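Protein chains in written order, with numbering that gives the first Met the number 0: chain A, 0 to 386; chain B, 0 to 545.
Each residue gets a CB set at the ideal place from its N, CA and C atoms; glycine is no exception.
All values derive from a computational prediction rather than experimental measurement.
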Amino acid sequence: MTTGRDLPKPHFTDAEAGAQEFPDSTARRFNYYTPQKRKQTHYEDVTVEVQPDPRHYLAQGWLYGFSDGRGGYPLDWTALKAWGSDRPEPKRYPGSGGKGYDWPATGWHEFRDPNEEWELTFYRYNSNVVRQLNQNIDAARQSKAFEQWNRNWVTFVERHLGAWMHVDHGLGLYLFANANRRAPTNMHNNAISVNSMHRIRAAQDLALYNLTLSEEVPDFDGAAHIETWNSDPAWQGVRKVAEQLTGIDDWCEAIFAANVIFEPLVGELFRSGLVQQAAPRNGDFVTPTVIGAEEYDYAERDLRYTTAMFVLLTNDREFADHNKALLQQWLSTWVPRAIDAARTLQPIWSQPDSKPPRFEDGLDRAKSRFSGILSDLGLETPKELAQ
Amino acid sequence: MAKAHQKIQELSWEPQYHEPVAQYGTDYTFEKSQKKDPLKQVLRSYFPMQEEKDHRVYGASDGAIRGNMFRQVQERWLEWQKLFLSIIPLPEVSAARAMPLLFRTVPNPELHNGQAIQMIDEVRHSTIQQNLKRLYMNNYIDPAGFNNSLRNFHNDYCGTIGRQFAEGFITGDAITAASIYLTIVAETAFTNTLFVAMPAEAAANGDYLLPTVFHSVQSDESRHISNGYATLLMALADEGNHQLLERDLRYAWWNNHRVVDAAIGTFIEYGTKDRRKDRESYAEMWRRWIYDDYYRSYLVPLEKYGLVIPHDLIEEAWNQIWNKGYVHEVAQFFATGWLANYWRIDPMTDTDFEWFEYKYPGWYDKYGKWWENYNRLSTPNGHHPIVAENVDYVYPHRCWTCMVPCLVREDMVIDEIDGQVRTYCHEMCRWTDVEAFRPTYQGRSTPNMGKLIGNREWETLYHGWNWADVVSDMGYVRDDGKTMVAQPHLNLDDPKKMWTLDHLRKMGPVLSPNVILNEMTPEERVAFKADYNRQGPAGRPAPVDA
Ligand SMILES: [Fe+2]
Ligand SMILES: [Fe+2]
Chain A
0 MTTGRDLPKP HFTDAEAGAQ EFPDSTARRF NYYTPQKRKQ THYEDVTVEV QPDPRHYLAQ
60 GWLYGFSDGR GGYPLDWTAL KAWGSDRPEP KRYPGSGGKG YDWPATGWHE FRDPNEEWEL
120 TFYRYNSNVV RQLNQNIDAA RQSKAFEQWN RNWVTFVERH LGAWMHVDHG LGLYLFANAN
180 RRAPTNMHNN AISVNSMHRI RAAQDLALYN LTLSEEVPDF DGAAHIETWN SDPAWQGVRK
240 VAEQLTGIDD WCEAIFAANV IFEPLVGELF RSGLVQQAAP RNGDFVTPTV IGAEEYDYAE
300 RDLRYTTAMF VLLTNDREFA DHNKALLQQW LSTWVPRAID AARTLQPIWS QPDSKPPRFE
360 DGLDRAKSRF SGILSDLGLE TPKELAQ
Chain B
0 MAKAHQKIQE LSWEPQYHEP VAQYGTDYTF EKSQKKDPLK QVLRSYFPMQ EEKDHRVYGA
60 SDGAIRGNMF RQVQERWLEW QKLFLSIIPL PEVSAARAMP LLFRTVPNPE LHNGQAIQMI
120 DEVRHSTIQQ NLKRLYMNNY IDPAGFNNSL RNFHNDYCGT IGRQFAEGFI TGDAITAASI
180 YLTIVAETAF TNTLFVAMPA EAAANGDYLL PTVFHSVQSD ESRHISNGYA TLLMALADEG
240 NHQLLERDLR YAWWNNHRVV DAAIGTFIEY GTKDRRKDRE SYAEMWRRWI YDDYYRSYLV
300 PLEKYGLVIP HDLIEEAWNQ IWNKGYVHEV AQFFATGWLA NYWRIDPMTD TDFEWFEYKY
360 PGWYDKYGKW WENYNRLSTP NGHHPIVAEN VDYVYPHRCW TCMVPCLVRE DMVIDEIDGQ
420 VRTYCHEMCR WTDVEAFRPT YQGRSTPNMG KLIGNREWET LYHGWNWADV VSDMGYVRDD
480 GKTMVAQPHL NLDDPKKMWT LDHLRKMGPV LSPNVILNEM TPEERVAFKA DYNRQGPAGR
540 PAPVDA
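Spelled out as structure tokens, the structure:
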């Protein structure tokens, strides 16, 4: 059967580590960056420096630019600054040599995603989430758990829980995925793309849950979420601010407004302050696991990298004050918008038969959570929060 | 699953109050129309599918180490991986960064879901490849060149050539970059050779990890190709785009040929110890994967939708590979400049010669002598590295556009732009710089077209420098402070065979061909060009007139 087949033959080459001693024979670590802690982590090894920077190693500079002649990842795509940002790119000319500033050249490169996300961690985490959700929903279906829902709760889920998927989808794509082209390091952009996928996954989780409910619950209107999102007055505040968030040009402002302001004041308020509270009181023990997955993404992972990212900037050795002033300005702009959206949503608190805790109490909790995040970042609670 | 996919279509919505930010421009126009998401990928199944693939990859990695794979790996192969794996994670992640360029410019939200999945696929590819490189660094005999991989890639001229295959995705006209250059040409045509041919060659050299990783990467590729196809069909729907499509296909095809064939061609032909006669040459692979599969089966059928196919350039790329020795010329140049690199290039042996002659009749007459000289000069013995010895090789000028040197000497052309005289490896590269990447194209305004920027000629940065200082400046020195990372052989056992900065110190300075060209009078330049065009093959000086 194998006649005539000429296969490569293995050869003993002894090309394994340690077979000989010579200069560099034991130099087995990436030497072009300084780790955040004492030892280089696996995450750092697969992430740091993949995206080049003309300020340190990129000797010949960026090679392709937009029509204005700018290439790569311009630092002024955000108004925030990390130390070193104002130094000009090293000049090149005949005989200039290729060396730039010593690594890292700017404070931007000091950011590390505390979640240490790369492909292995990312797929493991998200596979676990979708598997868990599938199991929960299957178990609920088999135990006929949906039959205990009262009519008002069915309506609440089909409309209001359903409307939230549009927030996730819109921000996931047009704010987070969009921002993955904008930041000056691979660490930022990878963390942002992971955040983007959390939101897109959460949107699909809700959509597919909605599909299951249309199949399982008599008279569940699987299309009601579209109408609610498009024209229910209670949702138009959220929609307005979600759209406005996708209109932000400055990538730091976009991440900050979404993860530091909108999520605690609107996202968590809706998910934890309303859905998680109201569901069990109305006989629904399934929805909290679906919405809880997203809550966990935000609270335990996306907020974590966001905090690490902005803490660096508010403590920057050169631009801390500049950054704080700008962030305060962004707070003054976005907090009223978020509060407005939250208040516009208030009517839905009274729709379930068994009422959740009062809207005002939920909002107070959201505000104090929000103030806590700000103090972690070294920022002041803006006066607009009182609205 | 069909129902699930149908359901997630309900997620896309149009803004009512505020438009999302528009950060990228295009000169293409798109009619808004209902489109189908070509990917039909639901994350509920996507994540577990990818995780399953990961299990296989990481299982194989553990197995390779437990099974002492590196006792059978060919050093020649692994050395070239120092270059390849320094380059490829950036193009991968740049493909991720490119996806948002399409959000506003292609007004079909149905396509955006697929683009977001491609984004995270590409993050996957980038980090899984970095991980492979890390594993090589930890387990292969010589970690030098892996350990300073990304600094090297960023300051080396080979890295610069490779970087086009990344920066071209993320800048300029959004459709030119993220659709035509990235998906229609780079992914659909050239990742076939990258991800299909490279693994086969790796395996033949005792490396079965690279195949595991790259097959896993390749398995995502067909989805990306569908993304590109959907966008292309939409672009074709508008007659006004045809001129731009023609321009972009010509540019993207030619640049990919220049860059990818240079690099992958060299890895496959000169980075292997597998010299079985029935193993396909790069030219044979190219004919099969790129000419037949891409050109004949993918591109040509698009003609009926009005796409103008660059038939002439497909044939010309083949002509370059088959008749003009493009890959051989590039490999010879890499070896000439071994001292400016960060991997070791060993001499070709009689077995290699025989294979080359069999696959490329006439090869020995052109390149044989030079490689014999390379062998003769490979260990220090009172002579200089080959670049500074008289071996009938004229150091080439750079192509301003593709940054590969002008190696097929007869094709070199010159133009003057913004007061600077530039050399190009081929008329097509001149056209790319002078005509395509401009704010008007054939009289049509193209305000969104990108620009060629940067310091595109590596030698100029080091004009007048001593070679020892050049290599130190770039950081290609081992931990004894003097032995070079690069070597023109694979001997690690005898320190006396290793080249050090001390050897380089004795050489003359680096001179920038472009600086010298610009110092010439116009008459001198005419004579220079006439002479250059008569040089070669194999970099030989022009024959002396009788
Ligand atoms: Fe890829
Ligand atoms: Fe060229």
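ask   = Beta-carbon of A:G266 versus every beta-carbon of chain B: anything under 8 Å?
value = Numbered from its first residue, the first sequence carries residue 266 of chain A at position 267. No, its Cβ sits nowhere closer than 8 Å to a Cβ of chain B.
Three CB pairs or more closer than 8 Å across the stretch 121-131 of chain A and the stretch 496-508 of chain B = no
ask   = For the stretch 229-246 of chain B against the stretch 156-166 of chain B, are there 3 or more C-beta pairs whose distance is under 8 Å?
value = no
Worksheet entry | Proximity test, B:Y304 beta-carbon vs ligand 2 heavy atom, cut-off 7 Å | On the second sequence, position 305 is the one that residue 304 of chain B refers to. Because no heavy atom of ligand 2 lies under 7 Å away, the Cβ of B:Y304 does not count as near it: no.
List, in order along the chain, the chain A residues whose C-beta lies closer than 9 Å to that of B:D351? If you number the second sequence from 1, residue 351 of chain B lands on position 352. Result: empty, since nearest Cβ-Cβ is about 15 Å, beyond 9 Å.
*asked:* Below 7 Å on C-beta distance, what does A:K36 contact in chain B?
replied: Stepping through the first sequence from its first residue, residue 36 of chain A is reached at position 37. Chain B residues near A:K36: none, gap ~18 Å exceeds 7 Å.
Problem - chain A within 8 Å of B:F69, Cβ atoms only - result: Counting from 1 along the second sequence, the entry for residue 69 of chain B is found at position 70. B:F69 counts as touching chain A.
TODO: May I ask whether a heavy atom of ligand 2 can be found less than 7 Å away from the beta carbon of B:T400?
DONE: Your numbering for residue 400 of chain B matches position 401 in the second sequence. Under cutoff, so the answer is yes.
- Query: In chain order, what residues of the same chain lie with their CB nearer than 7 Å to the CB of B:V92, ignoring the 5 residues before and after it?
  - Reply: Residue 92 of chain B sits at position 93 when you count from the first residue of the second sequence. Same-chain partners within the cutoff: E121, V122 and S125.
- B:E121: first and last residue of the uninterrupted alpha helix (DSSP H) it sits in: On the second sequence, position 122 is the one that residue 121 of chain B refers to. Counting along the chain, the alpha helix (DSSP H) containing B:E121 begins and ends at P108 to N138.
Could you work out which residue in A:E242, A:Y31, A:D363 and A:D375 is closest to A:E386 when comparing CA atoms only?
Here residue 386 of chain A refers to the residue found at position 387 when the first sequence is read from its first residue. The question names Glu, but residue 386 of chain A is Gln in the sequence shown. Checking every option, the nearest Cα to that of A:Q386 belongs to A:D363.
Reducing DSSP to helix, strand and coil, say where A:S66 ends up. The sequence position of residue 66 of chain A within the first sequence is 67, counting from 1. Looking at A:S66 - three-state DSSP - the assignment turns out to be coil, as it is neither helix nor strand.
*asked:* Please tell me whether A:L376 and A:V310 are closer than 8 Å, where the distance is taken between their beta carbons.
replied: Mapped onto the first sequence, residue 376 of chain A falls at position 377. Mapped onto the first sequence, residue 310 of chain A falls at position 311. In contact: A:L376 and A:V310 (Cβ atoms closer than 8 Å).
**Cβ of B:N465 within 8 Å of any chain A Cβ** = The residue labelled residue 465 of chain B in the question sits at position 466 within the second sequence. No, because no Cβ of chain A sits closer than 8 Å to the Cβ of B:N465.
Item to complete: Return the residue from the list A:R123, A:I191, A:A144 and A:A257 that minimises the CA-CA distance to A:F284.
Response: Residue mapping note: residue 284 of chain A aligns to position 285 of the first sequence, counting from 1. For A:F284, the nearest C-alpha among the options comes from A:A144.
Note to self: On the DSSP letters alone, give me the boundaries of the beta strand (DSSP E) that B:D349 sits inside.
What the structure shows: For the purposes of this step, residue 349 of chain B is taken as the residue at position 350 of the second sequence. Where B:D349 is concerned, there is no enclosing beta strand (DSSP E), although the alpha helix (DSSP H) it sits in stretches over D349 to K358.
**Q.** Cβ-heavy atom distance, B:R75 to ligand 2, below 7 Å
**A.** By one-based count along the second sequence, residue 75 of chain B stands at place 76. No; taking the cut-off as 7 Å, the Cβ of B:R75 has no heavy atom of ligand 2 nearer than that.
_Could you check if B:E166 belongs to the surroundings of ligand 1, using beta carbon to heavy atom distance under 7 Å?_
Your numbering for residue 166 of chain B matches position 167 in the second sequence. Result no, Cβ not under 7 Å from ligand 1.
- Report the rounded CA-to-CA distance for A:A206 versus B:F46, giving the unit in angstroms. Your numbering for residue 206 of chain A matches position 207 in the first sequence. Your numbering for residue 46 of chain B matches position 47 in the second sequence. Their Cα atoms are separated by approximately 16 Å.
Taking a cut of 7 Å between CB atoms, which residues from the stretch 96-119 of chain A lie near chain B? G96, G97, K98, W117, E118 and L119
List, from N- to C-terminal side, the alpha helix (DSSP H) runs of 4 residues or more that fit wholly inside the stretch 208-264 of chain B.
208-217 and 220-235
Are the CB atoms of A:V274 and A:L160 within a distance shorter than 8 Å? In the first sequence, residue 160 of chain A corresponds to position 161, counting from 1. In the first sequence, residue 274 of chain A corresponds to position 275, counting from 1. Yes, these two residues count as a Cβ contact at 8 Å.
If we define contact as Cβ-Cβ less than 8 Å, is A:M164 a contact residue for chain B?
Working through the first sequence from its first residue, we reach residue 164 of chain A at position 165. Interface residue, yes.
- Task: Measuring only between beta-carbons, confirm whether B:Y461 sits less than 8 Å from chain A.
- Result: Start at 1 with the first residue of the second sequence, and residue 461 of chain B comes out as number 462. B:Y461 counts as touching chain A.
Practice task
Please find out if some non-hydrogen atom of ligand 1 comes closer than 7 Å to the beta-carbon of A:D301.
Solution key: Working through the first sequence from its first residue, we reach residue 301 of chain A at position 302. It does not: the Cβ of A:D301 is nowhere closer than 7 Å to a heavy atom of ligand 1.
For B:N419, the first and last residue of its enclosing beta strand (DSSP E)
To locate residue 419 of chain B, count along the second sequence from 1; it is residue 420. A small fix is needed here, since residue 419 of chain B is Gln in this sequence, not Asn. Q419 to Y423 is the extent of the beta strand (DSSP E) around B:Q419.
Could you check whether the stretch 78-94 of chain A touches the stretch 93-102 of chain B, counting it as contact only if at least three pairs of C-beta atoms, one from each stretch, sit closer than 8 Å?
no
For ligand 2, is there any heavy atom lying closer than 7 Å to the beta carbon of B:R257? Within the second sequence, numbered from 1, the residue matching residue 257 of chain B stands at position 258. Yes.
Notebook entry, point to check: Can you pull the DSSP bridge partners for B:P404?
Noted result: Indexing the second sequence from 1 puts residue 404 of chain B at position 405. Per DSSP, B:R397.
What I want to know is whether the C-beta of B:V326 ends up closer than 7 Å to one or more non-hydrogen atoms of ligand 2.
Counted from its first residue, the second sequence places residue 326 of chain B at position 327. For ligand 2, not one heavy atom lies less than 7 Å from the Cβ of B:V326.
| task | Could you tell me which residues DSSP pairs with B:T439 in its beta bridges? | result | By 1-based counting over the second sequence, the position of residue 439 of chain B is 440. Answer is B:S444.
Sequence-distant residues of its chain with Cβ nearer than 7 Å to B:K132 (five each side left out):
On the second sequence, position 133 is the one that residue 132 of chain B refers to. So the qualifying residues of the chain are L84, F145 and S148.
- Item | Under the three-state DSSP convention, the category B:D478 falls into | For the purposes of this step, residue 478 of chain B is taken as the residue at position 479 of the second sequence. Coil, per DSSP.
Item to complete: Compare the C-beta of A:T343 against all C-beta atoms of chain B and say whether one is closer than 8 Å.
Response: Taking the first residue of the first sequence as position 1, residue 343 of chain A is located at position 344. False, the Cβ-Cβ gap to chain B never drops below 8 Å.
* Asked: In its own chain, which residues sit with a C-beta less than 8 Å from the C-beta of A:R140, not counting the 5 before and 5 after it?
  -> The sequence position of residue 140 of chain A within the first sequence is 141, counting from 1. Result list for A:R140: T211 and E215, in chain order.
Inspect the beta-carbon positions of B:N548 and B:V184 and report whether they are closer than 8 Å.
Nothing in the structure corresponds to residue 548 of chain B, since chain B is present only between 0 and 545.
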